[in-house]
Each structure stands twice: as structure tokens, then as C-alpha cells.
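Numbering (this note's numbering), first residue to last: 722 to 1234.
As C-alpha cells, this is what we get:
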């Protein structure tokens, strides 16, 4: 019996798969068992053609391939190389050493073609104790980003057969060849455009730029409301440039997500992703879904970065409400009859909306054509549960004539430097807090906040009045205090005072006037 091992990805998590090949007496037949999907079953034809191109006789017996554990659904063409090695081993030839993971699709000409998700697959192989990974040459650079595991890149099934001791191979097949691979084609452009746009191009929006800095320090979700053309999208696109750079761990996570999404990875990214789905996006496309094994959605592509939802009230109601659980947990669980997949979704949400359906409620001159009923219905599209999870609520107004003449007063470099200094202060404090999910101000535990943020009698009375009037929820109180800590970090203060808490209430959008 021939054996080989590989990794099946479930989201970014992996599961070890043992591939068994048995040659039995009976009519010639090739069967794959172990819950294979269509793409795995089609490996039968790819392997037959690949063996013929190699000059290796296909076994004239009954061949059964078992993918164990048999109760786990398998999908994708990345199992091809492992199945081929198991068949060669079953024919009486050699095998790779134990703890070798095999990945790759076999072409009809015997070529070993690149597959998506190599980076997370090799990462999981390393975690599971594999010593070596055999990958397609097209994925060599990507796999080499993982240290601590030997990478062997192959371009043709003949190279693999030669390593396993198959004799009398055609020379052209047995020797490594220079082939045009996916790695030689331009990779999909990185999310660099937003990072190259500068805040000093935004005129007359100092209040909004300050709010962006507060959001960047504490990783607070932010909602911008303003008439069309006031600069909401300009601000959102420049937000990525002031965020702290990715850590090594975060960069690996972002690269793994992109790899799973089918992007060729040549180096670890240094910019945070910026994903802006259209308002017509379905809930499945936004959070992930689909039949069979669920695919990732926009919130996973925005992992460790920014999800920007322009025209937020125009999103479908089910799409908006589907964001509730990922905003709290930083992950999304997708359950299907044959699969349970958890994708990472730790993103920072920025939304933009008009003040009313026509968009001109906040403009002077009485240009708004909406009725009072239409205005209420438009605001209610977002819903209280989602609005309460968004920390910062900002009204973006049209710049004044003086603001336009003054031009942009804050550059991206200046804002980023302030954010990094404040984030370092918060990290020094937050890493010592027990029970914090992530060391950012947006995740400060409520119990810790109430024990370390002493309210004055005036602020205590203000919170009591707002709670009784229904202007703020208990969750809103905690979120206000988290914003206050971000303001204190920006102002280089150890703890927030009344000024920071009062400003946090204003930025939170509580009715304190």
C-alpha cells in the first residue's frame, strides 16, 4: 500500500490528511473515497494523463485511494501530488521520508502547477510537526516565507518520480526544467494606492482628521455622516496611511489570507488591507458563505486592516446585521452540512452615510427634499445594535472658505507619527491587563475601565442623566471610556480626565448638549 500526507485547509486552520493507495485484484478501476468533491475526483483523469506523459505505465488493476479521515470533506486540486506519490509508492517504488507534506495540482502534461493557500498550508504543516513540504515551483517563494521547515519545489511529476527511484524516465521529465509559472506573471497589485494618498490633500476637515487619529490609536470603529462630496471617502482612503505598520505576526496573517484568496505572495506585506465592498454586496459576499465549503468574504480580506462601507444605509439589512458577531469576536463562523469553517475577521470598520435619503439635510439653504418620515426610515436602516458597536460618530461638514484657503494642515506622516507614539503608550499599559482580547483601547475590559477611570461628580451625574434618558447604553458607557483613554494617549496623559471623557461623549454622539 502506498502512503502520502498533505494538509487540508479549513479557513486558515489545517487538518492532516493521510492518503492511502491500494492496488487490488479485479477489473481495472480508479476510485477515490473519503468525501472528495468534484475537483478531487477529477484528479483521476489528470493523473492518468500525467503518468502517460511521464512514460510511466498506469496500473492495470483496481486502484483505490482513501483520504483519511474519511468523515472530513475534501476539496481542491492540491491533493493531486500527494495522490500521485501514493500511487507511485503502491507500484513498489520509494517514498519521501515521514513527515513530508505534499501540495500541488498535476497537469495533463505532467507539470506540477501552483495552488492557492500554500502559505497557510505550510504554516499548518510546520505547526503539526512536518519536517519538509514539497510544493510547486510556482509557489516556492511563498512557501519559503515560512521558516523552520524544509521546502522542496518541483515543476514536473518526473522530478518527483526521479526522487522516488522510478527508473528509465525520459531525461526531459526527470530533470528540473525552467517553465513559465504563475510566479513569473505580475502579482495582483497590493493595496498600496490608499497608503500613497496624503491627508494634506484634504482641506478644511481638521475635526475629521483628528477623529481619524483617535480611531487609529484605539482601533475604534468609526461612522462618518455628511452630504455628498464633503470628503468622506477621501478621509477613509487616507486612514490606512496613519495606521501603525503590521507586526510580523499580523503580516503573516494578512499574507495567509491573500494566499487563500488566490493571490501570488512574493513577500510579506507592510501595509494594512483596505477593502471597500459595494453597497449591493450580499451577506454571503460580505461575511463569507456559499454552498459546500464556505468561501471567505470581504471582512476576512480586511483582516488586520480596514473595511470601508460607503453608503452604509443602502446595504441590505441582512448584510448590515451580519456584521454584529464579527465586530465583537474578530472571527466569523460559517456552518454548513458538511463543513464548519472559522475565518479571521479582526478588522476596523469605517462607514459613510448621507444624513438623509437625498443627502442634503445638513446643507444650508433648505435643499433637502425628504419628508420627516423618510429621514427617520433612512436613519433606522442601520439599526441600534450596529450603531452601538461603532465607537466614533462623526459629522463631516463642508469646508469653509477659510479652510479651503488654508489647505491641508496635517500630513499623513505627521498624523502617523502621533498615532504611533500614542499606540506605544497604550500598548505599554494594555499588555499588562488581564483578560484583554487584544492590547488596543477598543478592547479594554469593562471591569478594568470602571476600576481605573475615576469619574468626577460632574461626569458621574452626566452619565446617570444620559442612561436614564436612554441616550446611551451601558455598553456605550464602556465605549466612551475607551475613547477617553485613546484621547489621553494622544495627549500623553496616563489616565483620562473630565476633558477627555466629555470630548469622548461628543465623539461618541451622545446627546450632551
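For glycine and all other residues, C-beta sits at the position ideal for the given N, C-alpha and C.
Closest Cα partner of residue i within the set the options
i, options, result
"residue 786", "869, 1209, 832, 752", "752"
"residue 1019", "1034, 1013, 1041, 877", "1041"
"residue 1161", "1115, 1208, 1134", "1208"
"residue 840", "765, 986, 917", "986"
"residue 859", "877, 851, 1107", "877"
"residue 1137", "832, 885, 931", "931"
"residue 1072", "727, 745, 1032", "1032"
"residue 732", "739, 795, 744", "795"
"residue 938", "1211, 1228, 1107", "1211"
"residue 749", "1070, 771, 783, 735", "783"
"residue 1003", "1017, 1026, 880", "1017"
"residue 992", "1006, 1012, 971, 817", "971"
"residue 1214", "1179, 1195, 1090, 1149", "1149"
"residue 799", "917, 825, 809, 805", "825"
"residue 1009", "1166, 955, 1065, 1151", "1065"
"residue 818", "806, 827, 812", "806"
"residue 1220", "1176, 1055, 1023", "1176"
"residue 1130", "810, 813, 926", "926"
"residue 838", "866, 1093, 821", "866"
"residue 976", "968, 989, 969", "989"
"residue 1217", "1171, 1192, 1193, 998", "1171"
"residue 1164", "1050, 723, 833, 984", "1050"
Whole-Å CB distance - residue i paired with residue j, under 8 Å assumed
i, j, result
"residue 981", "residue 960", "Contact doesn't hold; Cβ gap of about 25 Å is too wide."
"residue 1000", "residue 1039", "Actually they are not in contact, since the Cβ atoms of residue 1000 and residue 1039 sit about 13 Å apart, beyond 8 Å."
"residue 853", "residue 874", "The pair is not a contact, with the Cβ atoms about 11 Å apart (cut-off 8 Å)."
"residue 779", "residue 765", "Rounded, the Cβ-Cβ distance is 10 Å, inconsistent with contact."
"residue 994", "residue 1141", "Their Cβ separation, rounded to whole angstroms, is 19 Å, which puts residue 994 and residue 1141 out of contact at 8 Å."
"residue 803", "residue 725", "4 Å"
"residue 793", "residue 736", "6 Å"
"residue 776", "residue 857", "Not quite, the Cβ-Cβ distance comes to about 21 Å (not below 8 Å), so this is no contact."
"residue 1226", "residue 1112", "Actually they are not in contact, since the Cβ atoms of residue 1226 and residue 1112 sit about 12 Å apart, beyond 8 Å."
"residue 1204", "residue 1027", "Going by Cβ atoms, the distance from residue 1204 to residue 1027 rounds to 18 Å, so no, they are not a contact pair."
Simplified DSSP state of residue i, which is helix, strand or coil
i, result
"residue 812", "coil"
"residue 907", "Here residue 907 scores only 42 on pLDDT, less than 50, and its place in the model is too uncertain to base an answer on."
"residue 783", "strand"
"residue 837", "coil"
"residue 955", "helix"
"residue 943", "strand"
"residue 740", "strand"
"residue 771", "helix"
"residue 726", "strand"
"residue 995", "strand"
"residue 933", "helix"
"residue 1069", "strand"
"residue 789", "strand"
"residue 1081", "coil"
"residue 976", "helix"
"residue 1228", "helix"
"residue 759", "helix"
"residue 1133", "helix"
"residue 1102", "coil"
"residue 1223", "helix"
"residue 1116", "strand"
"residue 745", "strand"
"residue 864", "helix"
Neighbour-count burial assignment, residue i, 16 or more Cβ in a 10 Å radius
i, result
"residue 889", "exposed"
"residue 1067", "buried"
"residue 922", "exposed"
"residue 1200", "buried"
"residue 1029", "buried"
"residue 1013", "exposed"
"residue 947", "buried"
"residue 1101", "exposed"
"residue 868", "exposed"
"residue 1158", "exposed"
"residue 1058", "exposed"
"residue 909", "Low local confidence applies: a pLDDT of 46 at residue 909 is under 50, so the model's placement there is unreliable, with the coordinate-based value given in what follows. It is exposed - the Cβ of residue 909 has fewer than 16 other Cβ atoms within 10 Å."
"residue 1092", "exposed"
Beta-bridge pairing of residue i - partner residues as DSSP gives them
i, result
"residue 873", "855"
"residue 731", "734"
"residue 819", "Answer is none; residue 819 lacks a bridge partner."
"residue 750", "783"
"residue 1064", "1053"
"residue 827", "833"
"residue 1027", "995, 1069"
"residue 1211", "Answer is none; residue 1211 lacks a bridge partner."
"residue 1180", "Answer by DSSP bridge pairing: none, since residue 1180 is not bridged."
"residue 1016", "1010"
"residue 847", "None, per the DSSP bridge assignment."
"residue 1074", "946"
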